[in-house]
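Colleague: Just passing along the structure, written as structure tokens.
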Amino acid sequence: MSTGHVLKDDSSPRMDLLLFIILGAIGAITPLAIDMYLPAMPVIAHDLGVSAGSVQMTLTAYTAGFTVGQLVQGPFSDSYGRRPVMLLGIVLFGLCSVVCACVNDIDALTYIRAAQGFAGAAAAVVIQAVVRDMFNQENFAKAMSFITLVITLAPLVAPMLGGHLAVLFGWRSIFWVLTGFALLVILMVLWKIPETLKEENRQSLDLKRTLKNYWQLCQSKRSFGLMLCGGFSFAGMFSFLTAGSFVYVDIYGVSPDKFGYLFGLNILGIMLMTSVNSRFVKKVGSIIMLRFGLLIQFVAGLGLLIGWFFDWGLWGTVPFVVLFIGMISTIGSNAMGLLMSGYPHIAGTVSSLAGTFRFGVGSIVGVIVAAMPGDAVWPMVFSMATCSVLSGVSYWVSEKSLRSA
31 MSTGHVLKDD
41 SSPRMDLLLF
51 IILGAIGAIT
61 PLAIDMYLPA
71 MPVIAHDLGV
81 SAGSVQMTLT
91 AYTAGFTVGQ
101 LVQGPFSDSY
111 GRRPVMLLGI
121 VLFGLCSVVC
131 ACVNDIDALT
141 YIRAAQGFAG
151 AAAAVVIQAV
161 VRDMFNQENF
171 AKAMSFITLV
181 ITLAPLVAPM
191 LGGHLAVLFG
201 WRSIFWVLTG
211 FALLVILMVL
221 WKIPETLKEE
231 NRQSLDLKRT
241 LKNYWQLCQS
251 KRSFGLMLCG
261 GFSFAGMFSF
271 LTAGSFVYVD
281 IYGVSPDKFG
291 YLFGLNILGI
301 MLMTSVNSRF
311 VKKVGSIIML
321 RFGLLIQFVA
331 GLGLLIGWFF
341 DWGLWGTVPF
351 VVLFIGMIST
361 IGSNAMGLLM
371 SGYPHIAGTV
381 SSLAGTFRFG
391 VGSIVGVIVA
401 AMPGDAVWPM
411 VFSMATCSVL
421 SGVSYWVSEK
431 SLRSA
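Residue 31 is where the sequence shown starts when you use the numbering used here, and the numbers rise one by one after that.
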């Protein structure tokens, strides 16, 4: 167990900038595993001689594995500590990356991507629990905004890097780069990340108790609504992740390497709104910032529908996609802060279930989008607009239950 520095609630985020950068790098594992892969999906379909839907299913398989992984690894981190669970997951992620680089069959790639997602879940779920160990509700949202800002640097460069790797060295090189990144992250965890869960705060691993905790969270309309709110918001983005490369590359004629630059605009949107959130959340509170994010995302979804209806083309789609995805961090971090504030003693379990909702809903939407025509724009824009509405409705149900309590 690490005996390194452990942050306190009154610690300044600026004083622990290096720790935030490393936590952000750990959290970047899944964005890299998804976003480096996106521009190569049409290339993979051509190389393996399969349909677009088959390759889209490999992405859905990753998120499905990620969903299950969060259910398991959150409770484990509440029992055995954050650090060992994180390390084991990253090691398994690296091994899966090696196998993905070597397969020649789409079915094998799909199965291994699911296993890779399961392993990658450890980093994502434990990071949120680590930050919750360190900070209270408002400071949690602010700290997660800083960390998310670091994490968003990964998907900013990942599609560009993935596109160039696919063109210059083939799509398999993407997985070799992921392997190298996993090794680097392991070294950073060993060097800098402390164990934040004290021995006296650990719960014995008990399946019955874990299921009871999950049931308690689902029974609460407020908690259930907040988890669905974050889940549908993320699912809207996942609609773009599933279909966006085919819409941009195959329908709008964007080359795979240029797709990365357009995708990077989404990340700039996230970075901008994350910065706005971290600046204002302490002043106006998590509830106001969450409502703001939901409103802007709804406007973006409506804009996508209008752009599709009037056939505005690529540049009638890109700005609204950027606006929609830019709100993901604002909605997610504030919904999570509100959710976790009521359950500090089971932060890992809460993070697991919330992540399961987020990626579970995203996976379901991804399967639906993959089953729709791959040569049309409407499946992507309709699903994004619908998810923005459902996210807002979920929050409304959550707040209504709180007012009537």
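Each residue gets a CB set at the ideal place from its N, CA and C atoms; glycine is no exception.
Considering only their Cβ atoms, is the gap separating V427 from K251 smaller than 8 Å?
Modeller: In the sequence shown, residue 251 corresponds to position 221, counting from 1. In the sequence shown, residue 427 corresponds to position 397, counting from 1. Yes, the pair counts as a contact, with Cβ atoms nearer than the cut-off.
Colleague: Cα separation between G10 and W408?
Modeller: This structure leaves residue 10 out entirely; the chain is present only between 31 and 435.
Colleague: State the start and end residues of the unbroken alpha helix (DSSP H) segment that holds P61.
Modeller: Indexing the sequence shown from 1 puts residue 61 at position 31. Unbroken alpha helix (DSSP H) run through P61: 59-65.
Colleague: How should A188 be labelled, buried or exposed, when 16 other C-beta atoms within 10 angstroms of its C-beta is the threshold for buried?
Modeller: For the purposes of this step, residue 188 is taken as the residue at position 158 of the sequence shown. The residue in question, A188, is buried, as its Cβ has 16 or more Cβ neighbours within 10 Å.
Colleague: Measure the C-alpha to C-alpha separation of G54 and Q158 and round it to an integer number of angstroms.
Modeller: As a working mapping, residue 54 is identified with position 24 in the sequence shown. As a working mapping, residue 158 is identified with position 128 in the sequence shown. Each residue's Cα considered, the two are about 11 Å apart.
Colleague: Which of helix, strand or coil does DSSP assign to E225?
Modeller: For the purposes of this step, residue 225 is taken as the residue at position 195 of the sequence shown. Coil at E225, not helix or strand.
Colleague: What residue does the alpha helix (DSSP H) around L368 start on, and which one ends it?
Modeller: Taking the sequence shown and counting its residues from 1, the one referred to as residue 368 is at position 338. First-last of the alpha helix (DSSP H) with L368: 358-370.
Colleague: Alpha carbon to alpha carbon, how far is G124 from L208?
Modeller: As a first step, residue 124 must be located in the sequence shown, where it is residue number 94. As a first step, residue 208 must be located in the sequence shown, where it is residue number 178. Cα-Cα distance, rounded: 7 Å.
Colleague: Does the Cβ of A441 have 16 or more other Cβ atoms within 10 Å, making it buried, or fewer, making it exposed?
Modeller: There is no way to answer for residue 441, as the model of the chain reaches only from 31 to 435.
Colleague: With respect to the alpha helix (DSSP H) encompassing I300, which residues constitute its N-terminal and C-terminal limits?
Modeller: For the purposes of this step, residue 300 is taken as residue 270 along the sequence shown, with counting starting at 1. First-last of the alpha helix (DSSP H) with I300: 286-314.
Colleague: When the Cα atoms are used, what is the spatial distance from I14 to S269?
Modeller: Nothing in the structure corresponds to residue 14, since the chain is present only between 31 and 435.
Colleague: Need the endpoints of the alpha helix (DSSP H) that F123 sits in, please.
Modeller: Taking the first residue of the sequence shown as position 1, residue 123 is located at position 93. Counting along the chain, the alpha helix (DSSP H) containing F123 begins and ends at 112-132.
Colleague: Indicate the three-state DSSP secondary structure (helix, strand or coil) for W342 in the structure shown.
Modeller: In the sequence shown, residue 342 corresponds to position 312, counting from 1. DSSP places W342 in coil when its eight states are reduced to three.
Colleague: Have a look at F170 and V311 and give me their C-alpha separation to the nearest angstrom.
Modeller: For the purposes of this step, residue 170 is taken as residue 140 along the sequence shown, with counting starting at 1. For the purposes of this step, residue 311 is taken as residue 281 along the sequence shown, with counting starting at 1. Distance between the alpha carbons of F170 and V311 is about 10 Å.
Colleague: I need the DSSP call for W426, collapsed to helix, strand or coil.
Modeller: Within the sequence shown, numbered from 1, the residue matching residue 426 stands at position 396. W426: helix per DSSP, three-state reduction.
Colleague: Along the chain, where does the alpha helix (DSSP H) that runs through I157 open and close?
Modeller: To locate residue 157, count along the sequence shown from 1; it is residue 127. It spans 136-164 - the alpha helix (DSSP H) in which I157 sits, taken as one unbroken run.
Colleague: V207 by DSSP, collapsed to three states: which one?
Modeller: Translated into positions along the sequence shown, residue 207 becomes position 177. Reduced to three states, the DSSP call for V207 is helix.
Colleague: Alpha carbon to alpha carbon, how far is Q100 from M357? Give it in angstroms, no decimals.
Modeller: Walking along the sequence shown from the start, residue 357 turns up at place 327. Walking along the sequence shown from the start, residue 100 turns up at place 70. Between M357 and Q100, the C-alpha separation is close to 23 Å.
Colleague: Going by beta carbon distance, what residues of the same chain come within less than 6 Å of A75, once the five residues before and after it are set aside?
Modeller: The count along the sequence shown starts at 1 and reaches residue 75 at position 45. Only A82, V85 meet the Cβ criterion.
Colleague: S234 lies in the alpha helix (DSSP H); which residues open and close that run?
Modeller: The sequence position of residue 234 within the sequence shown is 204, counting from 1. Here S234 belongs to no alpha helix (DSSP H), and DSSP marks it neither H nor E.
Colleague: How far does the alpha helix (DSSP H) with L68 in it reach, from first residue to last?
Modeller: Taking the sequence shown and counting its residues from 1, the one referred to as residue 68 is at position 38. That residue, L68, is in no alpha helix (DSSP H); it is neither H nor E in DSSP.
Colleague: If you draw a straight line from the C-alpha of G283 to the C-alpha of M257, how long is it?
Modeller: The sequence position of residue 283 within the sequence shown is 253, counting from 1. The sequence position of residue 257 within the sequence shown is 227, counting from 1. Straight-line Cα distance between these residues: approximately 37 Å.
Colleague: Given a cut-off of 8 Å, decide if V348 and L295 are closer than it, judged by their beta-carbon atoms.
Modeller: Locating residue 295 in the sequence shown gives position 265, counting from the first residue. Locating residue 348 in the sequence shown gives position 318, counting from the first residue. Yes, the pair counts as a contact, with Cβ atoms nearer than the cut-off.
Colleague: Are G323 and I355 closer than 8 Å when you measure CB to CB?
Modeller: In the sequence shown, the residue the question calls residue 323 occupies position 293. In the sequence shown, the residue the question calls residue 355 occupies position 325. No, the Cβ-Cβ distance between G323 and I355 is not below 8 Å.
Colleague: Tell me where the alpha helix (DSSP H) around T347 begins and ends.
Modeller: Along the sequence shown, one-based indexing puts residue 347 at 317. Run containing T347: none; DSSP gives neither H nor E here.
Colleague: Relative to the alpha-carbon of M87, which residue among A415, T416, V399, F387 has its alpha-carbon at the smallest distance?
Modeller: Here residue 87 refers to the residue found at position 57 of the sequence shown. Nearest of A415, T416, V399, F387 to M87, Cα basis: V399.
Colleague: Report the residue from G200, F340, P114 whose alpha carbon sits nearest the alpha carbon of I223.
Modeller: Stepping through the sequence shown from its first residue, residue 223 is reached at position 193. Here the closest residue by C-alpha is P114.
Colleague: Using three-state DSSP, classify S81 as helix, strand or coil.
Modeller: If you number the sequence shown from 1, residue 81 lands on position 51. Note: S81 maps to coil in three-state DSSP.
Colleague: In whole angstroms, what is the alpha-carbon distance linking V277 and R232?
Modeller: Your numbering for residue 277 matches position 247 in the sequence shown. Your numbering for residue 232 matches position 202 in the sequence shown. So the alpha carbons of these two residues sit roughly 47 Å apart.
Colleague: Within 10 angstroms of the Cβ of L198, are there 16 or more other Cβ atoms? Answer buried if so, exposed if not.
Modeller: Along the sequence shown, read from residue 1 onward, the residue named residue 198 stands at position 168. With fewer than 16 Cβ atoms within 10 Å of its Cβ, L198 is classed as exposed.
Colleague: For the alpha helix (DSSP H) that V187 lies in, which residues bound it at each end?
Modeller: Position 157 of the sequence shown holds residue 187. Run containing V187: 183-198, per the alpha helix (DSSP H) assignment.
Colleague: With distances taken from CA atoms, which of G193, I326, G266, Y110 is nearest S275?
Modeller: The residue you call residue 275 lines up with position 245 of the sequence shown. Cα-wise, what sits closest to S275 is G193.
Colleague: Write down the C-beta distance between G57 and A149 rounded to the nearest angstrom, noting that I regard them as a contact closer than 8 Å.
Modeller: Counting from one through the sequence shown, the residue named residue 57 turns up at place 27. Counting from one through the sequence shown, the residue named residue 149 turns up at place 119. Contact flag wrong, Cβ pair sits at about 14 Å.
Colleague: Relative to the C-alpha of I51, which candidate in L183, F254, S413 has its C-alpha closest?
Modeller: If you number the sequence shown from 1, residue 51 lands on position 21. Of the listed residues, the one whose Cα sits closest to I51 is L183.
Colleague: Do you know how far the Cα of P403 is from the Cα of P43?
Modeller: Working through the sequence shown from its first residue, we reach residue 43 at position 13. Working through the sequence shown from its first residue, we reach residue 403 at position 373. Caution applies to P43, whose pLDDT of 40 falls short of 50 and renders its modelled position unreliable; the value that the coordinates give is listed next. Rounded to the nearest angstrom, the two C-alpha atoms are 46 Å apart.
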